[in-house]
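Chains as they are written, first to last, in my numbering: chain A, 262 to 373; chain B, 99 to 213.
Worksheet: the structure to be examined is printed underneath.
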């Protein structure tokens, strides 16, 4: 699985969009980008995933660059409850072994 | 629907003692995982299982053993606890869905302190 690099921390004002970057320059063609978040030491929670097209769901949007070497998770209107550690993970979609390897993540602080 | 349940939620052990952490899921998931998380760090995979009766090593397996005798349960054992094993332990499960993405569901964690 490709290695990911994320900034250790970011701040965002409440109500503004939070844009969390992730670099995955060694990503291969069959690897997907997944995002999870962990709120205050609870178990991580799935947010979104994608391969090469931009994706959107009720929680967030995922923008993947054309060369797929980086991506951005967008929380369109951040709230205080979005304060959490956000993990970007790259892995093969059909990985039977199912290893889900987490990096250091980005600690997002949403401020009033 | 309870999801993923970890037992116990908190535990203090003395160095050298043994204990077993239990993870139970009621979603009929094939895959199960044990992670540990230390202060300021991300989750590190200890062991995982792709089905009943199977286990495999993750990133940091030393000092731990696991068993998956029943599909719904994944046990993590510490035979001789060490202070370096003080951590928060998370269990997760995920269904096998051929040709489709499957989300991992996490338990609420077990806080273990070894003194």
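Where a beta carbon is used, it is the ideal one built from N, C-alpha and C, also for glycine.
The structure displayed is predicted, hence computed values, not measured ones.
Look at residue 143(B): its C-beta is under 8 Å from a C-beta on chain A.
In the structure shown, residue 210(B) adopts extended strand secondary structure according to DSSP, grouped into three states.
Secondary structure note for residue 188(B): its beta strand (DSSP E) is the uninterrupted segment 185-192.
Put simply, the backbone Cα of residue 201(B) is about 14 Å away from that of residue 123(B). Judged by DSSP in its simplified three-state form, residue 182(B) adopts helix. Minimum Cα-Cα distance from residue 318(A) among the listed residues 290(A), 330(A), 296(A) and 303(A) corresponds to 296(A).
For the stretch 119-132 of chain B, the beta-carbon criterion of a distance under 7 Å to any beta-carbon of chain A is satisfied by 129 and 131. In the structure shown, residue 277(A) adopts coil according to DSSP, grouped into three states. As computed with DSSP, residue 154(B) is found in a beta bridge with 146(B). Contact with chain B is absent for residue 323(A), since none of that chain's Cβ atoms lies less than 8 Å from the residue's Cβ. In the DSSP annotation of this structure, the continuous segment of the beta strand (DSSP E) that includes residue 310(A) starts and ends at 306-311. The closest CA to that of residue 314(A), considering only 307(A), 328(A) and 306(A), is found on 328(A). Proximity of the stretch 109-121 of chain B to the stretch 330-347 of chain A falls short of the contact definition, fewer than three beta-carbon pairs being nearer than 8 Å. Shown here, residue 343(A) sits in a helix according to DSSP, grouped into three states. Each residue's CA atom was taken as its position, placing residue 281(A) and residue 147(B) some 31 Å apart.
The three-state reading of DSSP puts residue 101(B) in coil, since its state is none of H, G, I, E or B. Listed along the chain, the chain A residues whose CB falls inside 8 Å of the CB of residue 188(B) are 304 and 305.
A residue is called buried when at least 16 other Cβ atoms come within 10 angstroms of its Cβ; residue 294(A) meets this threshold and is buried.
The C-beta separation of residue 323(A) from residue 300(A) comes to about 19 Å, leaving the pair out of contact by the 8 Å criterion.
Scanning 264(A), 312(A) and 279(A) for the CA closest to the CA of residue 344(A) turns up 279(A). Taking every protein chain shown into account, the CB of residue 139(B) has fewer than 16 other CB atoms within 10 angstroms, so this residue is exposed. For residue 125(B), the number of other beta carbons within 10 angstroms of its own is below 16, and it is reported as exposed.
Chain B places no beta carbon closer than 8 Å to that of residue 347(A), leaving this residue out of the contacts.
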